[in-house]
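J.:
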Amino acid sequence: AQSVTQPDIHITVSEGASLELRCNYSYGATPYLFWYVQSPGQGLQLLLKYFSGDTLVQGIKGFEAEFKRSQSSFNLRKPSVHWSDAAEYFCAVGGFGNEKLTFGTGTRLTIIP
Amino acid sequence: ETGVTQTPRHLVMGMTNKKSLKCEQHLGHNAMYWYKQSAKKPLELMFVYNFKEQTENNSVPSRFSPECPNSSHLFLHLHTLQPEDSALYLCASSQATNSNQPQHFGDGTRLSIL
Numbered sequence: 016a017q018s019v020t021q022p023d024i025h026i027t028v029s030e031g032a033s034l035e036l037r038c039n040y041s042y043g044a045t046p047y048l049f050w051y052v053q054s055p056g057q058g059l060q061l062l063l064k065y066f067s068g069d070t071l072v073q074g075i076k077g078f079e080a081e082f083k084r085s086q087s088s089f090n091l092r093k094p095s096v097h098w099s100d101a102a103e104y105f106c107a108v109g110g111f112g113n114e115k116l117t118f119g120t121g122t123r124l125t126i127i128p
Numbered sequence: 032e033t034g035v036t037q038t039p040r041h042l043v044m045g046m047t048n049k050k051s052l053k054c055e056q057h058l059g060h061n062a063m064y065w066y067k068q069s070a071k072k073p074l075e076l077m078f079v080y081n082f083k084e085q086t087e088n089n090s091v092p093s094r095f096s097p098e099c100p101n102s103s104h105l106f107l108h109l110h111t112l113q114p115e116d117s118a119l120y121l122c123a124s125s126q127a128t129n130s131n132q133p134q135h136f137g138d139g140t141r142l143s144i145l
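Order-wise, the sequence lines are chains P and W. Letter by letter, the first sequence follows residues 16 to 128 in this note's numbering. Letter by letter, the second sequence follows residues 32 to 145 in this note's numbering.
(1) So, W50 (chain P) versus G74 (chain P), is the Cβ gap smaller than 8 Å?
(2) Between T20 (chain P) and the rest of its own chain, which residues show a CB-CB distance below 6 Å, the 5 nearest in sequence each way excluded?
(3) Indicate, with yes or no, if the ligand NAD has a heavy atom lying under 7 Å from the CB of E75 (chain W).
(4) Starting from Q68 (chain W), trace the beta strand (DSSP E) both ways and give me its first and last residue.
(5) Under 8 Å, Cβ to Cβ, is there at least one residue of chain W near G43 (chain P)?
(6) Just verifying my parser: in three-state terms, what is the DSSP assignment at S93 (chain W)?
(7) Do you know offhand how far A32 (chain P)'s Cα is from P94 (chain P)'s?
(8) Quick one: list the residues of chain P neighbouring H104 (chain W), beta-carbon separation under 8 Å, in chain order.
(9) Is it true that the CB of Y47 (chain P) sits closer than 8 Å to the CB of N131 (chain W)?
(10) Determine the direct distance from the alpha carbon of K83 (chain W) to that of P100 (chain W), and round the result to whole angstroms.
(11) Taking all protein chains shown into account, decide if S90 (chain W) is buried (16 or more other Cβ within 10 angstroms of its Cβ) or exposed.
(12) Would you decide whether I126 (chain P) is buried or exposed? Buried here means 16 or more other CB atoms lie within 10 Å of its CB.
(13) My understanding is that Q37 (chain W) touches D138 (chain W), with C-beta atoms under 8 Å, so please give their C-beta distance in whole angstroms.
(14) Would you list, in chain order, the members of the region 76-105 of chain P that have their beta-carbon closer than 9 Å to a beta-carbon of chain W?
(15) I think I26 (chain P) touches T120 (chain P), with their Cβ atoms under 8 Å apart; what is that distance to the nearest whole Å?
(16) Using a Cβ cut-off of 7 Å, pull out every chain P residue sitting near G137 (chain W), in sequence order please.
(17) Out of P:P22, P:L34, P:S18, point me to the one whose CA is closest to A101 (chain P)'s CA.
(18) Can you pull the DSSP bridge partners for K53 (chain W)?
(19) Given this structure, state the Cα-to-Cα distance separating E115 (chain W) from K67 (chain W), to the nearest angstrom.
(20) Along the beta strand (DSSP E) that carries A102 (chain P), what are the first and last residues, could you check?
(21) In the structure shown, what three-state DSSP assignment does K83 (chain P) receive?
(22) Have a look at P:A16, P:S88, P:S54 and flag the residue whose alpha-carbon is nearest the alpha-carbon of R37 (chain P).
(23) Who are the neighbours of T120 (chain P) on chain W, taking C-beta pairs under 7 Å?
(24) Pull the bridge partners of K64 (chain P) from the DSSP assignment, please.
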């Protein structure tokens, strides 16, 4: 069965600093990978997705993620965070078969001035 | 604006009440989902509908009753709920139920059971 691990429950970053959120997946074939963001009081918003091709994918709000098959990872990055990036971030994995989209447990991001 | 609208945004109800949550999507999608999001727990998939037909019930108690009259509307009827049912209920839609399709979420209904 597929699975997603987000090792960091909570990360605190200074405004303007760079950010990397970790995501490791387990899937028997080529995965479909997603990052979502959930701001307080809102639902999940799709940041970016990886299906195939270039392993570095660009998303909305200045985020990018890199697919590394050898490490089974799909880490989310942003060069300079803004206070409005404070939110919970979820990584998810899907595939071609009958599997359901599987979400990680999320990483809460706090931004300090 | 995500294209998925949920009402109400907040709901407080007693354990003996009956209420319904509503979800409407304007994305032309064929699949719709109900999720439960509780504090400190992973996102829980409850129900999946594809072209109005239920394709998955993830062992959800019968006090939760979904209804999908068409591909654009999804309801969750609630009755005789328990305190542990207090949570954020999220509706989502996607083009198809394949997990390679991105899901689009509403802002959720925050449910509190007294």
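Heads up, the beta-carbon is just placed ideally off N, CA and C, and yes, glycines get one too. Bear in mind the structure is a predicted one, so any value in this text is a computation, not a measurement.
T.: In short, the structure shows the following:
(1) Against the first sequence, residue 50 (chain P) aligns to sequence position 35. Against the first sequence, residue 74 (chain P) aligns to sequence position 59. Their beta carbons are under 8 Å apart, which means W50 (chain P) touches G74 (chain P) by this criterion.
(2) Working through the first sequence from its first residue, we reach residue 20 (chain P) at position 5. N39.
(3) Of ligands this structure carries none, so the ligand NAD is not represented either.
(4) By 1-based counting over the second sequence, the position of residue 68 (chain W) is 37. Counting along the chain, the beta strand (DSSP E) containing Q68 (chain W) begins and ends at 62-68.
(5) What you label residue 43 (chain P) is simply residue 28 of the first sequence in a count that begins at 1. Chain W, which has no Cβ nearer than 8 Å to the Cβ of G43 (chain P), makes this no.
(6) Locating residue 93 (chain W) in the second sequence gives position 62, counting from the first residue. S93 (chain W) falls in the coil class under three-state DSSP.
(7) As a working mapping, residue 32 (chain P) is identified with position 17 in the first sequence. As a working mapping, residue 94 (chain P) is identified with position 79 in the first sequence. Roughly 7 Å between the two C-alpha positions.
(8) Residue numbering aside, residue 104 (chain W) sits at position 73 when the second sequence is read from its first letter. Those within 8 Å of H104 (chain W) in chain P number zero; the least Cβ separation is about 17 Å.
(9) For the purposes of this step, residue 131 (chain W) is taken as residue 100 along the second sequence, with counting starting at 1. For the purposes of this step, residue 47 (chain P) is taken as residue 32 along the first sequence, with counting starting at 1. The answer is yes: Cβ separation under 8 Å.
(10) Mapped onto the second sequence, residue 100 (chain W) falls at position 69. Mapped onto the second sequence, residue 83 (chain W) falls at position 52. Distance between the alpha carbons of P100 (chain W) and K83 (chain W) is about 6 Å.
(11) Within the second sequence, the letter at position 59 stands for residue 90 (chain W). Exposed, because fewer than 16 other Cβ atoms sit within 10 Å of the Cβ of S90 (chain W).
(12) Position 111 of the first sequence holds residue 126 (chain P). When all chains shown are included, I126 (chain P) counts as buried.
(13) Working through the second sequence from its first residue, we reach residue 37 (chain W) at position 6. Working through the second sequence from its first residue, we reach residue 138 (chain W) at position 107. Correct: roughly 6 Å between the Cβ atoms.
(14) F105
(15) As a working note, residue 26 (chain P) is residue 11 in the first sequence. As a working note, residue 120 (chain P) is residue 105 in the first sequence. I26 (chain P) to T120 (chain P), Cβ: 14 Å. No contact.
(16) Residue 137 (chain W) sits at position 106 when you count from the first residue of the second sequence. Under the 7 Å cutoff, chain P gives G58.
(17) For the purposes of this step, residue 101 (chain P) is identified with residue 86 of the first sequence, where counting begins at 1. Here the closest residue by C-alpha is P:L34.
(18) Along the second sequence, one-based indexing puts residue 53 (chain W) at 22. Looking at the DSSP assignment, K53 (chain W) forms a beta bridge with W:T38, W:F106.
(19) If you number the second sequence from 1, residue 115 (chain W) lands on position 84. If you number the second sequence from 1, residue 67 (chain W) lands on position 36. Per the coordinates, the alpha-carbon of E115 (chain W) lies some 11 Å from the alpha-carbon of K67 (chain W).
(20) What you label residue 102 (chain P) is simply residue 87 of the first sequence in a count that begins at 1. Segment 102-109, the beta strand (DSSP E) holding A102 (chain P).
(21) On the first sequence, position 68 is the one that residue 83 (chain P) refers to. Correct three-state label for K83 (chain P): strand.
(22) The residue given as residue 37 (chain P) occupies position 22 in the first sequence. Among P:A16, P:S88, P:S54, the Cα nearest to that of R37 (chain P) belongs to P:S88.
(23) What you label residue 120 (chain P) is simply residue 105 of the first sequence in a count that begins at 1. Within chain W, the residues near T120 (chain P) are P73.
(24) For the purposes of this step, residue 64 (chain P) is taken as the residue at position 49 of the first sequence. According to DSSP, which records beta bridges pairwise, K64 (chain P) is partnered with P:F49.
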